[in-house]
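Residue numbers (the working numbering): 320 to 697.
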Ligand SMILES: Cc1cc2nc3c(=O)[nH]c(=O)nc-3n(C[C@H](O)[C@H](O)[C@H](O)COP(=O)(O)OP(=O)(O)OC[C@H]3O[C@@H](n4cnc5c(N)ncnc54)[C@H](O)[C@@H]3O)c2cc1C
């Protein structure tokens, strides 16, 4: 059993939400312990397109994605399952960087700022006498005044907390490949096929991210990813061309299943939830990473106000977190849920794409409704 040192904040999960909070709070002089189950660097299933709304904030924390190869992206191309194309500019734009690189750079920065990091799987978070006890699989127990739950879209802790969404089967599956070859680095493409879509954009090292999400029902009819791609994904001609003209740089695609967009409580037994652990937006909106970083900015600013005495007690902090979280993200999640539900029906999906083709000016409107304004700097 390790130390009885009490931290001001323990962060459970070192993805974008956890790492950004760790940097922000450590820079404010807080004592932070970050517990992440996996070693860095590691790949993640993700489209790796991040909205520019978080860029000034990241840069104010001393993290400049362009210093490690991010690609600036300003244009959007959509192709429908029937191979019709629509183009648009992206109102705020974004950048492409792999999670392998971005998360690792954030991790190194968090350590540099004095955050203590450990590779441990958290198995339990208890709250008693105004103190948290965080237990890990290695048999260690750590104490803190606050805990941030930044353990992502699906974790062993969701079961432990008996969260509703984890009790239901979720119909989505995600697959990611990095490839080398030609692709316009200023654009992100969303190529649709029956039951899903594939995002395509460039990241550092001139690699192309090919990441698709599909409903599990249509996927399981096929005997392998290769078979599924050949018979379903490649019905989209743009995807067939991209996959045939590029070479994969991973030995095999990486996959995740059971992706849920159900709503989740933002606070669990006084633990403040951030990023996907508080609510996940449909990846088609291209804003999950932005939301993870934005929620980290929100919770860190409120915790800073608590430690500086501007917020008087835990109860007030929790109330402010809930109301600010809802104000910032509720509308985006609502739109994201609507989009996810359209994708459950082929009829509605086709209707939606016909509508988008007829009125392409609605694309920037949809983007504005699923994204936020530029974040304040730290
Ligand atoms: C197919 C797909 C494509 C996507 N494409 C995009 C895109 O192009 N643009 C975009 O903005 N968003 C995209 N997203 C969404 C984006 O990936 C997420 O919103 C983002 O990763 C959320 O960050 P997070 O920090 O909340 O969670 P994560 O990045 O998932 O981090 C959670 C961390 O917690 C750790 N963890 C979990 N349980 C424990 C535990 N018990 N103990 C210790 N550690 C633990 C995990 O190992 C993980 O590192 C996509 C998502 C999917 C599924």
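For each residue, glycine too, the CB sits at the ideal point set by N, CA and C.
Please report the distance separating the alpha-carbon of residue i from that of residue j.
{"i": "residue 403", "j": "residue 672", "result": "9 angstroms"}
{"i": "residue 483", "j": "residue 583", "result": "8 angstroms"}
{"i": "residue 691", "j": "residue 653", "result": "13 angstroms"}
{"i": "residue 694", "j": "residue 612", "result": "9 angstroms"}
{"i": "residue 466", "j": "residue 476", "result": "13 angstroms"}
{"i": "residue 366", "j": "residue 448", "result": "42 angstroms"}
{"i": "residue 334", "j": "residue 564", "result": "32 angstroms"}
{"i": "residue 510", "j": "residue 557", "result": "7 angstroms"}
{"i": "residue 428", "j": "residue 418", "result": "15 angstroms"}
{"i": "residue 432", "j": "residue 342", "result": "6 angstroms"}
{"i": "residue 682", "j": "residue 561", "result": "24 angstroms"}
{"i": "residue 595", "j": "residue 471", "result": "5 angstroms"}
{"i": "residue 338", "j": "residue 574", "result": "23 angstroms"}
{"i": "residue 624", "j": "residue 638", "result": "13 angstroms"}
{"i": "residue 597", "j": "residue 480", "result": "13 angstroms"}
{"i": "residue 603", "j": "residue 401", "result": "18 angstroms"}
{"i": "residue 411", "j": "residue 374", "result": "11 angstroms"}
{"i": "residue 372", "j": "residue 655", "result": "17 angstroms"}
{"i": "residue 463", "j": "residue 359", "result": "24 angstroms"}
{"i": "residue 456", "j": "residue 443", "result": "9 angstroms"}
{"i": "residue 650", "j": "residue 397", "result": "23 angstroms"}
{"i": "residue 566", "j": "residue 501", "result": "10 angstroms"}
{"i": "residue 658", "j": "residue 627", "result": "41 angstroms"}
{"i": "residue 610", "j": "residue 329", "result": "20 angstroms"}
Roughly how far, in whole angstroms, is the beta-carbon of residue i from the beta-carbon of residue j, given that I think they are within contact range, below 8 angstroms?
{"i": "residue 615", "j": "residue 346", "result": "The pair is not a contact, with the Cβ atoms about 12 angstroms apart (cut-off 8 angstroms)."}
{"i": "residue 336", "j": "residue 593", "result": "4 angstroms"}
{"i": "residue 551", "j": "residue 537", "result": "6 angstroms"}
{"i": "residue 686", "j": "residue 409", "result": "7 angstroms"}
{"i": "residue 392", "j": "residue 506", "result": "6 angstroms"}
{"i": "residue 352", "j": "residue 619", "result": "Not quite, the Cβ-Cβ distance comes to about 15 angstroms (not below 8 angstroms), so this is no contact."}
{"i": "residue 576", "j": "residue 440", "result": "Not quite, the Cβ-Cβ distance comes to about 20 angstroms (not below 8 angstroms), so this is no contact."}
{"i": "residue 647", "j": "residue 617", "result": "6 angstroms"}
{"i": "residue 581", "j": "residue 488", "result": "Between residue 488 and residue 581 the Cβ distance is about 11 angstroms, and since that is not below 8 angstroms, they are no contact."}
{"i": "residue 587", "j": "residue 468", "result": "6 angstroms"}
{"i": "residue 438", "j": "residue 549", "result": "About 39 angstroms separates the two Cβ atoms, so there is no contact after all."}
{"i": "residue 641", "j": "residue 630", "result": "Not really, about 13 angstroms apart at Cβ, beyond 8 angstroms."}
{"i": "residue 519", "j": "residue 331", "result": "Their Cβ separation, rounded to whole angstroms, is 33 angstroms, which puts residue 519 and residue 331 out of contact at 8 angstroms."}
Using the Cβ count rule (16 or more neighbours within 10 Å means buried), how would you classify residue i?
{"i": "residue 324", "result": "exposed"}
{"i": "residue 368", "result": "buried"}
{"i": "residue 568", "result": "exposed"}
{"i": "residue 406", "result": "exposed"}
{"i": "residue 528", "result": "buried"}
{"i": "residue 667", "result": "exposed"}
{"i": "residue 677", "result": "exposed"}
{"i": "residue 383", "result": "exposed"}
{"i": "residue 679", "result": "exposed"}
{"i": "residue 662", "result": "buried"}
{"i": "residue 508", "result": "buried"}
{"i": "residue 606", "result": "buried"}
{"i": "residue 674", "result": "exposed"}
{"i": "residue 436", "result": "buried"}
{"i": "residue 728", "result": "In the structure displayed, the chain extends from 320 to 697; residue 728 sits before or after that span and is not available."}
{"i": "residue 670", "result": "exposed"}
{"i": "residue 414", "result": "buried"}
{"i": "residue 399", "result": "buried"}
{"i": "residue 633", "result": "exposed"}
Ligand 1 heavy atoms versus the CB of residue i: any closer than 6 angstroms?
{"i": "residue 357", "result": "yes"}
{"i": "residue 538", "result": "no"}
{"i": "residue 639", "result": "no"}
{"i": "residue 423", "result": "no"}
{"i": "residue 460", "result": "no"}
{"i": "residue 595", "result": "yes"}
{"i": "residue 588", "result": "no"}
{"i": "residue 717", "result": "No answer is possible for residue 717: it lies beyond the span of the chain, which begins at 320 and ends at 697."}
{"i": "residue 368", "result": "yes"}
{"i": "residue 373", "result": "no"}
{"i": "residue 332", "result": "yes"}
{"i": "residue 578", "result": "yes"}
{"i": "residue 476", "result": "yes"}
{"i": "residue 429", "result": "no"}
{"i": "residue 335", "result": "yes"}
{"i": "residue 609", "result": "yes"}
{"i": "residue 511", "result": "no"}
{"i": "residue 688", "result": "no"}
{"i": "residue 377", "result": "no"}
{"i": "residue 605", "result": "yes"}
{"i": "residue 340", "result": "no"}
{"i": "residue 471", "result": "yes"}
{"i": "residue 365", "result": "yes"}
Does residue i get closer than 7 angstroms to chain D when you measure Cβ to Cβ?
{"i": "residue 494", "result": "In the displayed structure, chain D is absent; only one protein chain is listed."}
(message) If contact is defined by three or more beta carbon pairs under 8 angstroms, each pair taking one atom from either stretch, is the segment 378-393 in contact with the segment 504-524?
(response) These segments touch.
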